[in-house]
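Enquirer: One structure follows; several queries about it will come next.
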Amino acid sequence: MKTEFVRPLPASDVTMWGEIEPVTRPRKSKPEGNREALCVPAPSQWYPASERPADRSSGFHGDRHSSPPSDRSGDGLGDRSGDGLGDCPGDLLAMIEAVAVSESPVKSQQLGEPDLTLGERRALLLQQYRTKPLVFLERYQAHLKPEHLGAFSHLSDDCRVQHYGQEVRRRASSQTSKTRVKNQRYAALRALQQEGQYFSEEQMRLREPLLYEQYIGQYLSEEELVKRSEELLQGGTGGLADLLINSYQERLLQNRLLEQQEREDAAQEETEDEEEEEEDDDEARGPEGPEWEPSAEEKALLRDEFVSQMHRRFLEGKDKDFNYSEVDENPDYDNLDIVSRDAEERYFDEDDDDEEEEEEEAAME
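Printed below as a string of structure tokens:
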């Protein structure tokens, strides 16, 4: 019987069960400069022959020369000596770091298993990116920014890369627009604060009577109520017309307060638990239980909280009678530095006027 001998395959050609098969280099479309995709080290011409470092295995076929040395101590990404990211391009480094520091799970873990360290998360993410970049993009695209998409330039012809790239850019554009609107409204708020009328106590009371009553109105003394009425009369000419207007506005305000109170009571009655808690509180306090009377310091804190909530409502677009299009679409509110500088100039102008008045009074004496 003739015995046949089979020549064994090289060890490098054998894939053990459970191992990841060697990754073939994908076709690249218009690479940026000399940078290789998927963390492939840079070409050898980046180094003079005398300064060329020793070859290191990169896990990919082809060029094995190291990338040019660079000091990454100031890039905020920490030490890369142990996670295989030392030779990666900047956009890939930033992308891996953005996903690593997020709360997105990168691996299935058993209950009670210790959490992965940041370095372990980086290494796992890099491995996932190298083996299945499309799956990586689909799984983690919610954490990516447009500047990270260069890491998928070698797959730019793939429709899935194009789709998720559009999603990343759209989300970034939407976030930029929201931030711009917030900044513009904040600039408008500061301008209205300086103007003094829109955020005066009386105007805020007219806009949100129930909120005002909860934080301020119910704790006003008789003298404070009389003082408020006198201030309202002093705001006009003091004639019968102003008195009638103020009386009419006060009646409208009370009706609005009553409507808001009824809506709030109806919302509370929908929850049975809240009703039971209220009944328990009433029984504990008794029919003639003492009412809480805040101190002067507590009243000041309540007033500050009321003003803060009114500012927040304005920034969130909840002032129904305010035309937000005049702010959101107004380029004058784009630069917060201009608003700050104008406020500072007015502040110093007022100081100069006060000093001039004091000097004039001193000269007259």
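Plus 45 on top of the position in the sequence shown (first one is 1) and you've got the working numbering.
From the three backbone atoms N, C-alpha and C, an ideal C-beta is built for every residue, glycine too.
#1: Report the start-end ranges of each alpha helix (DSSP H) in the stretch 338–387 that is 4 residues or longer and not cut off at the edges.
#2: Using 8 Å as the cut-off, can you tell me whether the stretch 168–185 makes contact with the stretch 224–244, which would need three or more C-beta pairs spanning the two stretches below that distance?
#3: Taking only three categories from DSSP, how would you classify residue 261?
#4: How would you label residue 145, buried or exposed, when you count the other beta carbons within 10 angstroms and need 16 or more for buried?
#5: Please classify residue 141: is it buried, with 16 or more other beta-carbons within 10 angstroms of its beta-carbon, or exposed?
#6: Taking the alpha helix (DSSP H) that residue 176 falls in, what are its first and last residues?
#7: Would the beta-carbon of residue 354 fall within 8 Å of that of residue 256?
#8: Can you have a look at residue 371 and say buried or exposed, based on whether 16 or more other CB atoms are within 10 angstroms of its CB?
#9: Between the stretch 209–219 and the stretch 340–359, can you find at least three pairs of beta-carbon atoms closer than 8 Å?
#10: Excluding sequence positions up to five away, which residues of its chain have a Cβ less than 6 Å from the Cβ of residue 275?
#11: Please confirm whether residue 163 and residue 152 have their CB atoms less than 8 Å apart.
#12: Could you check whether the Cβ of residue 309 sits closer than 7 Å to any heavy atom belonging to the ligand PLP?
#13: Check each candidate in 253, 223, 342 and name the one with the smallest Cα separation from residue 304.
#14: With H, G and I counted as helix, E and B as strand and the rest as coil, what does DSSP make of residue 190?
#15: Counting Cβ pairs, one atom from each stretch, are 3 or more of them under 8 Å apart for the stretch 186–196 and the stretch 205–214?
#16: Does the Cβ of residue 202 have 16 or more other Cβ atoms within 10 Å, making it buried, or fewer, making it exposed?
#17: What is the DSSP secondary structure of residue 212, counted as helix, strand or coil?
#18: Taking the alpha carbon of residue 341 as the reference point, which residue from 198, 138, 265, 273 has its own alpha carbon closest?
#19: Just how far apart, CA to CA, sit residue 306 and residue 226?
#20: Taking residue 229 and residue 379 to be in contact with their CB atoms under 8 Å, please state how far apart those CB atoms are, rounded to whole angstroms.
#21: With a cut-off of 8 Å on the beta carbons, I'd call residue 139 and residue 188 a contact; round off their distance for me.
#22: Using only the alpha-carbon positions, how far apart do residue 208 and residue 374 sit?
#23: Closer than 7 Å by C-beta to residue 186: which residues in its own chain qualify, once you throw out the five before and the five after it? Chain order, please.
#24: Using a 10 Å radius around the Cβ and a threshold of 16 neighbouring Cβ atoms, would you call residue 206 buried or exposed?
#25: Closest to residue 359 by C-alpha separation, out of 376, 271, 244, 337, would be which residue?
#26: My output table needs one value for residue 197: the three-state DSSP class, helix, strand or coil.
#27: On the DSSP letters alone, give me the boundaries of the alpha helix (DSSP H) that residue 144 sits inside.
#28: What did DSSP end up calling residue 185 once you bin it into helix, strand or coil?
#29: In terms of alpha-carbon separation, which member of 198, 166, 160 lies closest to residue 134?
#30: From this set, 167, 362, 246, 200, which residue's C-alpha is nearest residue 147's C-alpha?
Expert: With the given structure in hand:
#1: 341–360, 370–373
#2: no
#3: coil
#4: buried
#5: buried
#6: 163–176
#7: yes
#8: exposed
#9: no
#10: none
#11: no
#12: You won't find the ligand PLP in this model; it holds no ligand whatsoever.
#13: 253
#14: coil
#15: yes
#16: exposed
#17: helix
#18: 265
#19: 32 Å
#20: 7 Å
#21: So it is not a contact: roughly 11 Å between Cβ atoms.
#22: 30 Å
#23: 209, 212, 213
#24: buried
#25: 244
#26: helix
#27: 135–145
#28: helix
#29: 198
#30: 167
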